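Visitor:
In the UniProt record's numbering, the protein residues as written are 1 to 630.
(1) Pick out the complete beta strand (DSSP E) segments inside the region 10-93, 3 residues or longer, and give them in chain order.
(2) Quick one: give me the first and last residue of the beta strand (DSSP E) that residue 542 is part of.
(3) Give the C-beta separation of residue 370 and residue 593 to the nearest angstrom, bearing in mind that I take them to be a contact with Cβ-Cβ under 8 Å.
(4) Looking at the structure shown, is residue 7 part of a helix, part of a strand, or coil, going by DSSP?
(5) Within 8 Å of any Cβ in chain C, is that where the Cβ of residue 139 sits?
(6) Would you kindly report the start and end of the unbroken beta strand (DSSP E) that includes residue 384?
(7) Quick check on residue 361: buried or exposed, where buried means 16 or more other Cβ atoms within 10 Å of its Cβ?
(8) Using CA coordinates, which residue listed in 363, 162 and 616 is at the minimum distance from residue 197?
(9) Between the beta-carbon of residue 430 and the beta-carbon of residue 444, is there less than 8 Å?
(10) Based on the DSSP output, what are the partners of residue 323 in its beta bridges?
(11) Could you check where the alpha helix (DSSP H) with residue 467 kicks off and where it finishes?
(12) Pull the bridge partners of residue 471 from the DSSP assignment, please.
(13) Is the beta carbon of residue 310 less than 8 Å from the beta carbon of residue 334?
(14) Please report the residue range of the beta strand (DSSP E) in which residue 529 lies.
(15) What's the gap between the Cα of residue 323 and the Cα of residue 459?
(16) So if DSSP puts residue 393 in a beta bridge, which residue, or which two residues, is it bridged to?
(17) Residue 236 and residue 47: beta carbons closer than 8 Å?
(18) Just list the residues that DSSP pairs residue 306 with in beta bridges.
(19) Flag this pair as yes or no: are the beta carbons of residue 60 and residue 89 separated by less than 8 Å?
(20) Have a look at 11, 55 and 45 and flag the residue whose alpha-carbon is nearest the alpha-carbon of residue 30.
(21) Thinking C-alpha only, which one of 529, 478 and 240 is nearest residue 428?
(22) Less than 8 Å separating the beta-carbons of residue 475 and residue 440?
(23) Figure out for me which residue from 145, 122, 271 and 336 has the closest Cα to the Cα of residue 295.
(24) Which residue comes first and which comes last in the alpha helix (DSSP H) that contains residue 600?
(25) To the nearest whole angstrom, what separates the beta carbons of residue 396 and residue 245, a pair I think is in contact under 8 Å?
(26) Ordered along the chain, which non-local residues of its own chain (more than five positions away) have a Cβ less than 6 Å from that of residue 172?
(27) Report yes or no: do three or more beta-carbon pairs, one from the region 218-230 and one from the region 20-28, lie closer than 8 Å?
(28) Would you say residue 164 and residue 195 are within 8 Å of each other, going by their C-beta atoms?
(29) Looking at the structure shown, is residue 340 part of a helix, part of a strand, or coil, going by DSSP?
(30) Just tell me which of 285, 96, 239 and 273 has its CA closest to the CA of residue 257.
(31) Among residues of its own chain, excluding the 5 on either side of residue 211, which ones have a beta-carbon nearer than 6 Å to its beta-carbon?
(32) Using a Cβ-Cβ cut-off of 7 Å (strictly less than) and excluding sequence neighbours within five positions of residue 248, which residues of its own chain qualify?
(33) Need the endpoints of the alpha helix (DSSP H) that residue 619 sits in, please.
(34) Are the CB atoms of residue 379 and residue 359 within a distance shorter than 8 Å?
(35) Looking only at its own chain, which residues have a Cβ that is under 6 Å from the Cβ of residue 620, when we skip the five neighbours before and after it?
(36) Thinking just about the alpha-carbon of each residue, which of 217, 37 and 252 is nearest to the one in residue 463?
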């Protein structure tokens, strides 16, 4: 009989050493660990300090050796080019070993850094796994980032090699990568030796057009002559990759994940997502983000499942049925996306007419993360898909869910607005500003008692002190998530937003997330954002911005009046909510997070910088006159 969630959570909290050593048996080790956690440098902890493994071998080689070489591993589906290809485990291993040989031929070895600047094509996971095979540290930068941002990451990670492609394809344009890489190399102070290019058709700039800032190579030509490379034995505490957090200002903040994270990813696939060998997982994200690292590339392959690599958008490629087409075509069992993608689909197709055109009977569960899942979007997607829609909450820094419904253990009752319960290994507490516990139901700072479980960040690249100052100093003995929320009487976590999204109106602390929940419940609203703006009399006042569903007939002024009345009814006059504006779109990062902080800075007349991760800077420009009237 399987253990219940409650039993599993208690076991992880009472004996983390024994719990995680048992979990580590799901991974293939060259030298199995005898210790789980090393606390000698607390608050800096290391997991499986005496273990040795290769993460690529765990993702590929061991499945081939077990006789599953003909099983599907990577399913590439491009809505941009109509290409589709399925790589078996044997085929993917051949590609990865070959490209690892390319990198080794360029002098890349264990501990060296390789920067990847790639679109959503098979080259991206192949290059990531090839680095892991050699013990090299990869750092994926979202393809299409501006040269200045790319140069900053080159200077911080100091890679020996950059791997890129001719470009990426957006619904209405092609993004040339080679000129951006060349410009970044000229701007950076660190000298990159080699650039390897996966060439794609239809792009203007080619290898003959780049300046001699580095040695530029065709990936195809190098692959033709490469000797396949074997996996290199690495300590579990050695870094696997660096991933820079979105929206950074000043020097980049590089989150470091180590090889021992394979244990947590393996455990999460079994116990959180309920996915194993022979099943297909479709994570609609990008390898430039942590969700893509964990649940497009590493976790599904470690688990022996098939993973879908999708090049496209939730809408416009060609329509709001794009995701459902992928589910049908590839027999997807479990899907993972961001709430903002669901809201985009809902705006275009509120009645889910496109869903009705596809047979999605294989889909068992839909997981969402990346932005708060408002109850209205939750209920719409749950009712339309007729499968459990499971919110899970985590961060780039943690690498896997902090809170989720542990569907692989047992599917707990779902509560709208909650990512359910803390995942075993995460001891989540709600603290007041002084670090004192807040009673059940009371909102405060969401903090996690140290040590964090395996799979979370071990530090920031090259700067342990910055790691301590950024995350571990506010509440000694805890990791500060930077989010506010509460635990209800059943132990369910409710994440209400970033701590700086809690506003103070005439001395009353209000969560902008609670107001957004009310606005999102209006039948005309597709998505919304609430920010607190400075007010000389009351400290702050809430302002709402809403995007209406496609085909809504109500006039903007009428809808705005209804929304103001709705907030007054549900929150009360204490919110002093008087201003809501209908807009065409909300500014977001490419991962789907709404840029509330930037909106607030504009409204307050403060200096602001549009984050490098913005999806469409023109959306910010359109909001400026609304946020900051002349």
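No residue lacks a Cβ here, since even glycine has one placed at the ideal position from N, Cα and C. Values in this document were obtained by computation on a predicted structure and should not be read as measured data.
Guide: Well, looking at it:
(1) 37-41, 44-47, 72-78 and 84-88
(2) 539-548
(3) 7 Å
(4) helix
(5) Absent here is chain C; the protein component of the structure consists of one chain.
(6) Note, residue 384: premise wrong, no beta strand (DSSP E); alpha helix (DSSP H) at 375-385.
(7) exposed
(8) 162
(9) yes
(10) Bridge partners of residue 323: none, in fact.
(11) 464-467
(12) Residue 471 pairs with nothing; no bridge assigned.
(13) no
(14) 525-535
(15) 36 Å
(16) 403
(17) yes
(18) 280
(19) yes
(20) 55
(21) 478
(22) no
(23) 336
(24) 596-603
(25) 5 Å
(26) none
(27) no
(28) yes
(29) helix
(30) 239
(31) 182
(32) Unreliable placement is indicated for residue 248, whose pLDDT of 40 sits below 50; no coordinate value is reported for it.
(33) 617-627
(34) no
(35) 587 and 610
(36) 252
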